[in-house]
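Trainee: Sharing a structure with you now.
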Amino acid sequence: MIKGTFPVEKFNRIETPFYYYDVALLRKTLETIRNEVKDKNYHIHYAVKANANPRILKEIASYGFGADCVSGNEILRALECGFPASKIAFAGVGKTDKEIEIGLDNDIFCFNVESLPELEATANLAAKKNKTAKVAFRINPNIDAHTHKYITTGLNENKFGINEQDLPAAIEFVRKHNSLEMAGMHFHIGSQITDLSAFENLCVKALELQQWFEEQGTPLQLINVGGGLGINYQHPNHCPIADFKSYFHLYNKYLKLKDGQSLHFELGRSVVAPCGSLITRTTYVKKGVSKNFLIVDAGMTDLIRPALYQAFHHIENISSEGELENYDVVGPICESSDVFGKDISLNRAKRGDFVALRSAGAYGEIMASQYNCRNLPKAYFSDTL
Ligand code: LLP
Numbered sequence: 009m010i011k012g013t014f015p016v017e018k019f020n021r022i023e024t025p026f027y028y029y030d031v032a033l034l035r036k037t038l039e040t041i042r043n044e045v046k047d048k049n050y051h052i053h054y055a056v057k058a059n060a061n062p063r064i065l066k067e068i069a070s071y072g073f074g075a076d077c078v079s080g081n082e083i084l085r086a087l088e089c090g091f092p093a094s095k096i097a098f099a100g101v102g103k104t105d106k107e108i109e110i111g112l113d114n115d116i117f118c119f120n121v122e123s124l125p126e127l128e129a130t131a132n133l134a135a136k137k138n139k140t141a142k143v144a145f146r147i148n149p150n151i152d153a154h155t156h157k158y159i160t161t162g163l164n165e166n167k168f169g170i171n172e173q174d175l176p177a178a179i180e181f182v183r184k185h186n187s188l189e190m191a192g193m194h195f196h197i198g199s200q201i202t203d204l205s206a207f208e209n210l211c212v213k214a215l216e217l218q219q220w221f222e223e224q225g226t227p228l229q230l231i232n233v234g235g236g237l238g239i240n241y242q243h244p245n246h247c248p249i250a251d252f253k254s255y256f257h258l259y260n261k262y263l264k265l266k267d268g269q270s271l272h273f274e275l276g277r278s279v280v281a282p283c284g285s286l287i288t289r290t291t292y293v294k295k296g297v298s299k300n301f302l303i304v305d306a307g308m309t310d311l312i313r314p315a316l317y318q319a320f321h322h323i324e325n326i327s328s329e330g331e332l333e334n335y336d337v338v339g340p341i342c343e344s345s346d347v348f349g350k351d352i353s354l355n356r357a358k359r360g361d362f363v364a365l366r367s368a369g370a371y372g373e374i375m376a377s378q379y380n381c382r383n384l385p386k387a388y389f390s391d392t393l
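In this note's numbering, the protein residues as written are 9 to 393.
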């Protein structure tokens with residue numbers, strides 16, 4: 009069994025559980041993305057929601073990428089960590105006045121507007137400040153991303169985006185309000201998408217809509233296709249970097265841009281998931297009636313994805329080379345859903361062994377909670393440990 013390489017001796021000094029980030033892998037990923045987009049009018053806005061750890065954000069900002077934020081605090085965090093305001097996009101169905109004002113006061117790149125009432129609120133707040141808000145309509149394209157139902161966002165039944173029938177009214181509204189500037193259209197159909205044909209469908213839809221906007225006399229400066237590229241959770245050691253080549257190639261092939269038009273991406277998971285692992289220690293190995301339980305000191309409070317989305321994270325015993333045995337890997341939280349994996353084949357475990365939950369760099373640390381009065385997990389980085 010190929011396992012990840014971890015500085016296990018150094019882990020002995022650290023209180024578990026904690027997040028461990030492989031900075032070299034993050035940089036390699038960022039370089040890969042930068043190379044794929046370098047000769048095109050493509051712009052990456054890293055989706056801060058995936059991981060807002062300041063060290064990670066600073067690293068990503070240093071590659072010249074922008075940020076995709078979904079709250080006022082994310083905008084402030086992104087600015088603090090070196091993302092220029094001119095590259096910050098602001099999405100979200102429920103932006104409050106205070107949050108819109110944070111965007112306006114900092115002259116961010118673009119507001120991805122998700123409803124007519126939000127358009128009105130943005131226009132009024134911008135007018136009061138004598139500012140012009142650049143807006144892109146987030147359009148619900150009604151495309152099935154074939155991913156988990158909680159992370160599918162582009163269907164009519166989801167709460168996101170402006171429905172197509174409201175577009176004429178939205179265009180009209182922008183025309184009548186000097187405090188708004190029409191920038192383009194925005195989509196996001198879902199997350200952890202591994203069947204790239206969903207993105208192909210999105211391109212077809214985007215081209216149709218682009219044509220429609222032109223017919224209305226509203227040419228678009230930009231198209232923002234959101235994020236969603238999936239990673240290989242099953243084989244983190246074989247496939248540590250997402251298939252950015254195929255992903256960008258697909259957009260290049262299917263989404264022909266007009267002269268001067270830019271294409272924007274909001275990638276989150278694919279940028280940061282592979283570089284992070286949740287490191288936990290085995291508290292007990294418990295023999296059950298029909299199975300063995302590996303009780304670890306991390307729980308759903310540290311990594312909620314398995315409990316919330318039945319998500320798979322590859323698990324390794326990084327302290328042992330013993331025979332393989334099957335375990336249910338569970339946390340200490342008083343909830344039956346506090347299970348990281350059932351019937352997982354691991355090297356024979358004993359008390360104190362370190363266990364790595366892989367590909368946890370996205371939607372891991374940032375979704376941690378203090379349920380059961382637990383401490384939030386800390387983060388450590390491969391180059392400063
Ligand atoms: N843009 C928008 C408007 C989004 O809503 C999202 C993610 C992204 C970009 C980034 O998508 P990504 O490239 O990371 O797939 N907590 C869930 C994932 C929720 C994703 C929400 N939106 C999970 O742990 O799987």
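By construction, the Cβ of each residue, glycine as well, lies at the ideal position given by its N, Cα and C atoms.
Smallest Cα separation from Lys-11: which of Ser-367, Cys-381, Arg-382, Tyr-388?
Mentor: Of Ser-367, Cys-381, Arg-382, Tyr-388, the residue nearest in Cα terms is Ser-367.
Trainee: With hydrogens ignored, establish whether the beta-carbon of Ser-254 is closer than 6 Å to any heavy atom of the ligand LLP.
Mentor: No, Cβ of Ser-254 sits at least 6 Å from all heavy atoms of the ligand LLP.
Trainee: Should Asp-391 go down as buried or exposed, given a rule of 16 or more other Cβ atoms within 10 Å for buried?
Mentor: It is exposed - the Cβ of Asp-391 has fewer than 16 other Cβ atoms within 10 Å.
Trainee: Near Glu-78, which residues of its chain fall below 7 Å by C-beta distance, leaving aside the five closest residues on each side in sequence?
Mentor: It is worth fixing the name first, because residue 78 is Val in this sequence and not Glu. Once the five neighbours on either side are set aside, the close Cβ partners of Val-78 are Lys-57, Ala-99, Gly-100.
Trainee: What number of angstroms, rounded off, separates the C-alpha of Ala-364 from the C-alpha of Ala-60?
Mentor: Near 21 Å, if we compare the C-alpha coordinates of Ala-60 and Ala-364.
Trainee: With respect to the alpha helix (DSSP H) encompassing Glu-109, which residues constitute its N-terminal and C-terminal limits?
Mentor: 105-113 is the extent of the alpha helix (DSSP H) around Glu-109.
Trainee: When you compare only the Cα positions, how much space is there between Gln-200 and Tyr-29?
Mentor: Taking the straight line from one Cα to the other gives about 20 Å.
Trainee: If you measure from the CB of Glu-274, is any heavy atom of the ligand LLP nearer than 6 Å?
Mentor: Because some heavy atom of the ligand LLP lies under 6 Å away, the Cβ of Glu-274 counts as near it: yes.
Trainee: Could you tell me the distance, in whole angstroms, from the CA atom of Ile-96 to the CA atom of Phe-117?
Mentor: When rounded, the distance between both Cα atoms is 5 Å.
Trainee: Which residue or residues does DSSP assign as beta-bridge partners of His-53?
Mentor: Answer is Gly-74.
Trainee: Which one of Gly-225, Ala-319, Ser-353 has the shortest CA to CA distance from Met-190?
Mentor: Minimum Cα distance to Met-190 is reached at Gly-225.
Trainee: Would you mind sorting Asp-76 into buried or exposed? The rule is 16 or more other CB atoms within 10 Å of its CB.
Mentor: Buried: at least 16 other Cβ atoms inside 10 Å.
Trainee: Could you spell out the range, first to last residue, of the beta strand (DSSP E) harbouring Cys-118?
Mentor: It spans 118-121 - the beta strand (DSSP E) in which Cys-118 sits, taken as one unbroken run.
Trainee: Who pairs with Ser-285 in a beta bridge, going by DSSP?
Mentor: Paired residues: Tyr-28.
Trainee: Have a look at Phe-181 and Thr-140 and give me their C-alpha separation to the nearest angstrom.
Mentor: When rounded, the distance between both Cα atoms is 14 Å.
Trainee: Run through DSSP, which three-state label would Thr-291 get?
Mentor: Note: Thr-291 maps to strand in three-state DSSP.
Trainee: Following a CB-centred definition, is Ala-99 positioned closer than 6 Å to any heavy atom of the ligand LLP?
Mentor: Checking every heavy atom of the ligand LLP against the Cβ of Ala-99, one is found closer than 6 Å.
Trainee: Are the CB atoms of Gly-80 and Glu-107 within a distance shorter than 7 Å?
Mentor: Yes, the Cβ-Cβ distance between Glu-107 and Gly-80 is below 7 Å.
Trainee: Which residues mark the beginning and the end of the alpha helix (DSSP H) in which Ser-353 is found?
Mentor: From DSSP, Ser-353 is part of no alpha helix (DSSP H) but of the beta strand (DSSP E) over 347-355.
Trainee: Taking all protein chains shown into account, do 16 or more other C-beta atoms lie within 10 angstroms of the C-beta of Met-9, making it buried, or fewer, making it exposed?
Mentor: Result: exposed.
Trainee: If you run the structure through DSSP and keep just helix, strand and coil, what is Glu-333?
Mentor: Correct three-state label for Glu-333: strand.
Trainee: Closer than 6 Å by C-beta to Arg-382: which residues in its own chain qualify, once you throw out the five before and the five after it? Chain order, please.
Mentor: Taken in chain order, the residues that qualify are Thr-309.
Trainee: Have a look at Asp-251, His-272, Lys-264 and flag the residue whose alpha-carbon is nearest the alpha-carbon of Ser-278.
Mentor: Of the candidates Asp-251, His-272, Lys-264, the one whose C-alpha sits nearest the C-alpha of Ser-278 is Asp-251.
Trainee: What residue from Cys-89, Pro-227, Phe-320 has the CA that sits closest to Ala-281's CA?
Mentor: Selected option, being the one with the closest Cα: Phe-320.
Trainee: Could you give the distance in angstroms between the alpha-carbon of Ser-353 and the alpha-carbon of Glu-331?
Mentor: Those two C-alpha atoms are separated by around 10 Å.
Trainee: Going by beta carbon distance, what residues of the same chain come within less than 8 Å of Tyr-388, once the five residues before and after it are set aside?
Mentor: If we look at Tyr-388 and ignore the five residues flanking it on each side, its Cβ neighbours are Ile-22, Phe-26, Tyr-27, Tyr-28, Tyr-29.
Trainee: What whole-angstrom Cβ distance do Tyr-54 and Leu-275 have, given they're in contact under 8 Å?
Mentor: Their Cβ separation, rounded to whole angstroms, is 7 Å, which keeps Tyr-54 and Leu-275 in contact under 8 Å.
Trainee: Helix, strand or coil for Arg-366 per DSSP?
Mentor: DSSP places Arg-366 in coil when its eight states are reduced to three.
Trainee: Taking only three categories from DSSP, how would you classify Val-143?
Mentor: Three-state result, Val-143: strand.
Trainee: CB of Tyr-28 to nearest heavy atom of the ligand LLP: below 6 Å?
Mentor: No, Cβ of Tyr-28 sits at least 6 Å from all heavy atoms of the ligand LLP.
Trainee: Where Asp-174 and Phe-348 are concerned, what is the direct C-alpha to C-alpha distance, given to the nearest angstrom?
Mentor: Taking the straight line joining both Cα atoms gives about 43 Å.
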